[in-house]
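Novice: Just passing along the structure, written as structure tokens.
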Amino acid sequence: MLHNKLNDRIAIAVFTLPAVVLFTTVVVYPVLKTVYTSLLDWDGLSQPSFMMFGNYMRLFGDPDFHLAVKNGLIFAAVLVIYQIGLGSVFALILSNRRIAGKRFFRTAYFVPVVLSITVVCQLWLSIFNADRGLLNNLFHALGLTYRQSWLSSGKTAIVSVAFVNAWQYLGIHFSLIYAAIKSIPDHYYEAALIDGASSFTAHCKITIPLLAETYRFCLIIAITGGLKAFENMYIMTGGGPGNLTYTLTYLIYKAAFRMNQYGYACASASVLLLQCLVFTVLINRLIAHERVTY
Amino acid sequence: MKGQQDHQGYVPVSRTAAPTHRRGVAGGRLRRVSGIALYTLLSFYAFCNLYPLFWMVSNSFKNNQEIFVRNVFGLPRIWRFENYIKAWQSFNIFLYFKNSMIVATATVVITLMLSIMFAYATARMSWKLSSIARIYMSIGMFVPVQVIFIPLVLLIRDFHLSNSYLALIVPYVAFQLSFCSIVFYGFFRTLPPELEEAAAIDGANVYVTFYRIILPLVKPAIATLAIFVFLFSWNEFAIALIMISNNSLKTLPLGLLLFQGQFATDWGAMGASLALASIPTIVVYLLFGNEVEKALTVGSAVKG
Amino acid sequence: MKRGLFLAVTVILVCMFTTSILGAPEPVKLRIYTQYSILDEKLAYDYAAAAMKKIMPEVTLDLEVAAQDDDQKIKTYAATGNLPDIFFSSPGLIEVFKKSKNVLLLDEYVRELKVEERLLPSARSLLWDEDGHCYGVPNVGQWAAVIYYNKEVFSVNNIKVPTNYDEFLAAVKALKAKEIIPLALFAKEKWPGVQLYDILVTRMDPGGLKKINDGKGSIAEPAYRKAAERLVELVKAGLVSSGAFNTNYDEACALFIEGKAAMLLNGAWAMSLFGEQMGNKVDLLYYPLADSANAEAVKWNMSGGGLNQAFCVSPHSKHKDVAARFACQFALKFAEGRVVKCGDPNPILKNCPPPEKGYLPIQQRYVNDSVNFKTMTCFPWGLTDARFKTAIEDNVQKLLTGEYAVNDFIKDTERALAR
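Protein sequences appear in the order of chains L, B and F. Numbering-wise, our numbering puts 2 at position 2 of the first sequence, and it's gapless, one number per residue. Numbering-wise, our numbering puts 1084 at position 84 of the second sequence, and it's gapless, one number per residue. Numbering-wise, our numbering puts 2155 at position 155 of the third sequence, and it's gapless, one number per residue.
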């Protein structure tokens, strides 16, 4: 028995240590340094001076910060709704055996993921273009007067940018959910279908609860992805107009590289980290923890 | 329902539209209508997703005026092959391809190995700190790289990895570990616990069980994640920009900088290079995607 | 015989040894970090590199192409003690590096090489920082910001080319009515909006935004308020398209070249592009944005100028002296290359050879006009106060949306400066 326990411990160490050691040195150690730096008044280059929570006080009073947090949450919400919602719908439809051309659809839905983010953002810039864009032309052609400056109005800008990210990476969530559905043994639904349930109820009652584990990581991926979104803003709006599409990551970038306030940047980074950590713990709590197996 | 016997199943929809014992002829017509609606929807979305591919390729034959004003969405009217010639000449494409390929392949292999082992231990072995370890590992998902540039560069320098492929591979692996561990964890949790018990009764130790029994069952996840990690390291720009100063080690995204001047950018030539750079990602996706498909069919057969 | 041979060999060896010490200096390899992406950048760099091969043949250059990354990379290099020997730099970067001792003082090298004597009097101020020292030798001239306009668009649509603010406003409205974008502004980048605002300010106060940057003025002064009000008025009249915030440089240029936009705000460096693509259709407007009463008086108070870019040297370089001497002369040759190869109409050098291909008509016009320039401000990257620069960039962009009150603009900018 004792021998067994020791064996287990060794096995756990063998399995986890390489990853943990690498991760701790390359990711966690710099993160801790970042948290420490958030207590400094520092431009990143000269002699730093210690200032305790000065950066945080300033941060909480900064209107850009409030907007950035709000935008981050909106961004995350768009990703969750679009990617997990639509991803599930497509995965459920295409996991149905009777659908022809599955292979084609699955490949097509993944194509944007494969493309460089620059290409996708440039394309959507053209589509959203207020004067010559496809979207406004479409509304025009349909006889609607619903023309919008999608990326420059306070109401639509952040949602439009988030949508582009959601659209591009839908394929990731789709393929994860699809793989999970495919690994549910067929006899589960067959039983339900024979009992006369429609495939819709069968999915609601059987498939979706069985996907709890998958939804857990999809949620974590979507929410943290939204909170720390950066590249879409960088390519499409530059955080603008003004500060309208700032997120925390953008605030960090601005403080660190445009304003040379490295300590301040690290304070926003620490807030971002904390925010993501809270969400991860919450998701882990909320989604049932008992083991789902087939 | 009719397709039940046909386990390998791509049954064309027309054959299965036959009425079932519960629904009458009217139900069949309804199904046909909703079937058409469904296919229209699926195809429309597929079109939207394939269009960027077309757009990227056609842009690579245009000049700035056509890309932005004259002909934004359509096929080029004049095919400017000179973009490709420019891309070829000012862009050491073989070198960049080679570097990107080495970095991406190494990143995929190491990341998958480390994360699958870690995820296995947290998902299927019982130990006190396992859930804390798992959350700890997920921190990497939400670190914005921009803030850790400076400590990261110092770290790489102190380990004497600067100006080698490892200057990219090590951070890439470390950052991707989080994502992969989370996904593998989810997959491991869905395997029945009896698997190991049966193996233990047969006298296999934990390593053999892991290698022989567990690994083959998560092949779909392995293939899926291989694609993601490959795509990440192929397209990654921020870390590569900071880490690499030696021209002979530059990866593709860094090469694209050659088209972006202080003010102006040559979008046509950049488009041509982007189009060329996307070929391997598409190939990798098709290859591994195929593996995912095969693995999925085998996997459900084993469990079903 | 043997003895003779031995003697001969010894003599040769000694000669080689002494020449290597006294004559030919040891070969040095210098890392240089600068822009080398589009044609103009390459032409000037190659010209300077070739010229330097003759002046300092012992130096070979190891070029690293710079990214358009808000100086992320060069700052990280500095933070991690890995600065290249020579790097291009703007005033904002020099300001940070000055404080953190990451840029070499070039005073004695500049004196030794008589750099100042080789510059035109108008360009000498570019050499010296506010603190009286030299941190980098300018490698390109002082440009002004100009409004380019498409003569054909104005004449075809029967719109008067404006000479003052009221006419400008009328022209904007008329163009807008014809569904032509009055002014193509690539406001995805932050600086063109700031430049437009600076132009409006300089119609009333020649100090422009630089005055605030240097701590000699306040955003609450009437000139700045009035300029902001006018900017909003113009925006509401349809001056820029609502897609301007997502319009990049190349897109704005394309719109202008294609005649979809009547005017374009840019630096004078874009002249060769428009001159080549549009020939006689394009011309320059010197800011018709002043009240009609003093339009002529303020015409030559220019917006733009200042130090655009210089080559700096790392104080940690192993070959500090070589790098410093090289960088100083390389910068001058680079500036020469900009004139000879790219046809820049604003040389900073005395005795500069003329452009190889001669001037285009539009460039010739600028050359003739530039003798009239009375005052200059600077481009936004010449603003050295990072807090002010960031605040004004973001806030002017908000003004351009037309949804931001002038009072808030003044208040927010003041608050950013107070911190």
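Where is the CB? At the ideal position from N, CA and C, for every residue including glycine.
In whole angstroms, what is the alpha-carbon distance linking N2280(F) and H2319(F)?
Specialist: The count along the third sequence starts at 1 and reaches residue 2280(F) at position 280. The count along the third sequence starts at 1 and reaches residue 2319(F) at position 319. Straight-line Cα distance between these residues: approximately 50 Å.
Novice: Using DSSP bridges, identify the partner residues of G2304(F).
Specialist: Position 304 of the third sequence, counting from 1, holds the residue named residue 2304(F). Answer by DSSP bridge pairing, in chain order: A2144(F).
Novice: Are the Cβ atoms of C2378(F) and G2306(F) separated by less than 8 Å?
Specialist: Here residue 2378(F) refers to the residue found at position 378 of the third sequence. Here residue 2306(F) refers to the residue found at position 306 of the third sequence. For C2378(F) and G2306(F), yes; Cβs fall inside 8 Å.
Novice: Drop a sphere of 10 angstroms on the beta-carbon of V21(L), count the other beta-carbons inside from all chains shown, and report buried for 16 or more, exposed for fewer.
Specialist: Here residue 21(L) refers to the residue found at position 21 when the first sequence is read from its first residue. V21(L) should be labelled exposed.
Novice: Let me know if M57(L) comes out buried or exposed under the rule of 16 or more other beta-carbons within 10 Å of its beta-carbon.
Specialist: Counted from its first residue, the first sequence places residue 57(L) at position 57. Per the 10 Å Cβ criterion, exposed.
Novice: Thinking C-alpha only, which one of A2323(F), K2075(F) and N2158(F) is nearest S2090(F)?
Specialist: Working through the third sequence from its first residue, we reach residue 2090(F) at position 90. Of the listed residues, the one whose Cα sits closest to S2090(F) is K2075(F).
Novice: Taking the alpha carbon of A91(L) as the reference point, which residue from F110(L), I74(L), V78(L) and A76(L) has its own alpha carbon closest?
Specialist: Within the first sequence, residue 91(L) is the residue found at index 91, counting from 1. Ranking F110(L), I74(L), V78(L) and A76(L) by Cα distance to A91(L) puts F110(L) first.
Novice: Let me make sure I understand the geometry here. Which of V1208(B), I1067(B) and L1053(B) has the alpha-carbon closest to that of R132(L)?
Specialist: Indexing the first sequence from 1 puts residue 132(L) at position 132. Checking every option, the nearest Cα to that of R132(L) belongs to I1067(B).
Novice: Starting from the C-beta of N165(L), find all residues in its chain whose C-beta is less than 7 Å away, skip the five residues before and the five after it, and write them out in chain order.
Specialist: Taking the first residue of the first sequence as position 1, residue 165(L) is located at position 165. Excluding positions up to five away in sequence, the list reads L79, A229 and N232.
Novice: Would you verify that the beta carbon of Y2224(F) is, or is not, closer than 8 Å to some beta carbon of chain B?
Specialist: In the third sequence, the residue the question calls residue 2224(F) occupies position 224. So, not an interface residue.
Novice: In chain order, what residues of the same chain lie with their CB nearer than 7 Å to the CB of P1216(B), ignoring the 5 residues before and after it?
Specialist: As a position in the second sequence, residue 1216(B) is number 216, starting the count at 1. Residues of the same chain with a CB within less than 7 Å of the CB of P1216(B), apart from the 5 flanking positions on each side, do not exist.
Novice: Residue range of the beta strand (DSSP E) that R2031(F) falls in?
Specialist: Counting from 1 along the third sequence, the entry for residue 2031(F) is found at position 31. Taken as a continuous stretch (DSSP letters only), the beta strand (DSSP E) holding R2031(F) covers V2028 to T2034.
Novice: Buried or exposed: G2304(F), going by 16 or more other Cβ atoms within 10 Å of its Cβ?
Specialist: Against the third sequence, residue 2304(F) aligns to sequence position 304. It is buried - the Cβ of G2304(F) has at least 16 other Cβ atoms within 10 Å.
Novice: By a C-beta neighbour count over all protein chains shown, 10 Å radius and 16 as the cutoff for buried, is W150(L) buried or exposed?
Specialist: Taking the first sequence and counting its residues from 1, the one referred to as residue 150(L) is at position 150. Flag for W150(L) reads buried.
Novice: Please list, in chain order, the residues of the stretch 1264-1290 of chain B that have any C-beta partner in chain C closer than 8 Å.
Specialist: Reference to chain C is not applicable here, since the protein chains of this structure are L, B and F.
Novice: May I ask which residues mark the beginning and end of the alpha helix (DSSP H) holding N71(L)?
Specialist: As a working note, residue 71(L) is residue 71 in the first sequence. Start and end: P63 to L79.
Novice: Strictly under 8 Å for the Cβ-Cβ distance: is A100(L) near chain F by that measure?
Specialist: If you number the first sequence from 1, residue 100(L) lands on position 100. Not an interface residue.
Novice: Could you work out which residue in P2162(F), G2207(F), I2348(F) and L2183(F) is closest to S2292(F) when comparing CA atoms only?
Specialist: Numbered from 1 along the third sequence, position 292 holds the residue referred to as residue 2292(F). Looking at the Cα atoms, P2162(F) is the closest of the given residues.
Novice: Do we get a CB-CB distance below 8 Å when we pair S2037(F) with the residues of chain B?
Specialist: As a first step, residue 2037(F) must be located in the third sequence, where it is residue number 37. At least one chain B Cβ lies under 8 Å of S2037(F).
Novice: Could you tell me whether the Cβ of G1024(B) comes closer than 8 Å to any Cβ of chain L?
Specialist: As a first step, residue 1024(B) must be located in the second sequence, where it is residue number 24. Caution is warranted here: a pLDDT of 46 is assigned to G1024(B), below 50, making its placement in the model unreliable, and the coordinate value is therefore given only provisionally. Judged by the 8 Å Cβ criterion, G1024(B) is not in contact with chain L.
Novice: Hey, how far is the Cα of M52(L) from the Cα of Y36(L)?
Specialist: By one-based count along the first sequence, residue 52(L) stands at place 52. By one-based count along the first sequence, residue 36(L) stands at place 36. Computed Cα separation, rounded: 9 Å.
Novice: Using the beta-carbon count (16 or more within 10 Å), is W167(L) buried or exposed?
Specialist: The residue you call residue 167(L) lines up with position 167 of the first sequence. Buried, because 16 or more other Cβ atoms sit within 10 Å of the Cβ of W167(L).
Novice: Of all the residues that make up the stretch 1153-1179 of chain B, which are near chain L by a beta-carbon distance shorter than 9 Å?
Specialist: L1154, L1155, I1156, F1159, V1170, P1171, V1173, A1174, F1175, L1177, S1178 and F1179
Novice: Throw me the rounded Cβ distance for the D2085(F) and A2323(F) pair, which I believe falls under 8 Å.
Specialist: Taking the first residue of the third sequence as 1, we reach residue 2085(F) at position 85. Taking the first residue of the third sequence as 1, we reach residue 2323(F) at position 323. So it is a contact: roughly 4 Å between Cβ atoms.
Novice: Can you tell me whether I2038(F) is helix, strand or coil according to DSSP?
Specialist: Position 38 of the third sequence, counted from the first residue, corresponds to residue 2038(F). Of the three classes helix, strand and coil, the one that applies to I2038(F) here is coil, per DSSP.
Novice: For D2198(F), which residues in the same chain have their Cβ closer than 7 Å to its Cβ, ignoring the five residues on either side in sequence?
Specialist: For the purposes of this step, residue 2198(F) is taken as the residue at position 198 of the third sequence. If we look at D2198(F) and ignore the five residues flanking it on each side, its Cβ neighbours are G2208, L2209, S2303 and T2377.
Novice: Can you give me the start and stop residues for the beta strand (DSSP E) that N2157(F) sits inside?
Specialist: Locating residue 2157(F) in the third sequence gives position 157, where the first residue counts as 1. That residue, N2157(F), is in no beta strand (DSSP E); it is neither H nor E in DSSP.
Novice: What does M236(L) touch in chain F if you count any residue whose Cβ is under 7 Å from its own?
Specialist: The residue you call residue 236(L) lines up with position 236 of the first sequence. Taking a Cβ-Cβ cut-off of 7 Å, the neighbours of M236(L) in chain F comprise N2246, given in sequence order.
Novice: Quick one: Cα of I283(L) to Cα of L219(L), how far?
Specialist: Start at 1 with the first residue of the first sequence, and residue 283(L) comes out as number 283. Start at 1 with the first residue of the first sequence, and residue 219(L) comes out as number 219. For I283(L) and L219(L), the distance between alpha carbons rounds to 8 Å.
Novice: Check whether the Cβ of N96(L) lies closer than 8 Å to any Cβ atom in chain F.
Specialist: Your numbering for residue 96(L) matches position 96 in the first sequence. Chain F, which has no Cβ nearer than 8 Å to the Cβ of N96(L), makes this no.
Novice: Show which residues of chain B have a CB atom less than 8 Å away from the CB atom of I2086(F).
Specialist: Residue mapping note: residue 2086(F) aligns to position 86 of the third sequence, counting from 1. Near I2086(F) there are no residues of chain B at all, since even the closest Cβ is about 14 Å away, more than 8 Å.
Novice: From this set, T2060(F), A2049(F), K2054(F) and N2351(F), which residue's C-alpha is nearest L2030(F)'s C-alpha?
Specialist: Taking the third sequence and counting its residues from 1, the one referred to as residue 2030(F) is at position 30. Comparing Cα positions, the closest option is T2060(F).
Novice: Measuring CB atoms only, is the stretch 2406-2417 of chain F touching the stretch 2381-2396 of chain F, in the sense that at least three cross pairs come out at less than 8 Å?
Specialist: With the rule of 3 Cβ pairs closer than 8 Å, the stretch 2406-2417 of chain F counts as touching the stretch 2381-2396 of chain F.
Novice: Using a C-beta to C-beta distance shorter than 7 Å, which residues of chain B count as neighbours of D8(L)?
Specialist: As a first step, residue 8(L) must be located in the first sequence, where it is residue number 8. Under the 7 Å cutoff, chain B gives M1125.
Novice: Just to confirm, is the Cβ distance from A2340(F) to Y2149(F) under 8 Å?
Specialist: Within the third sequence, the letter at position 340 stands for residue 2340(F). Within the third sequence, the letter at position 149 stands for residue 2149(F). For the record, residue 2340(F) in the displayed sequence is Val; it is not Ala. Result no, Cβ atoms of V2340(F) and Y2149(F) do not sit closer than 8 Å.
Novice: Below 6 Å CB to CB, which residues in the same chain sit around I158(L) once its five sequence neighbours on both sides are set aside?
Specialist: For the purposes of this step, residue 158(L) is taken as residue 158 along the first sequence, with counting starting at 1. These residues qualify, in order along the chain: N71, I74 and T245.
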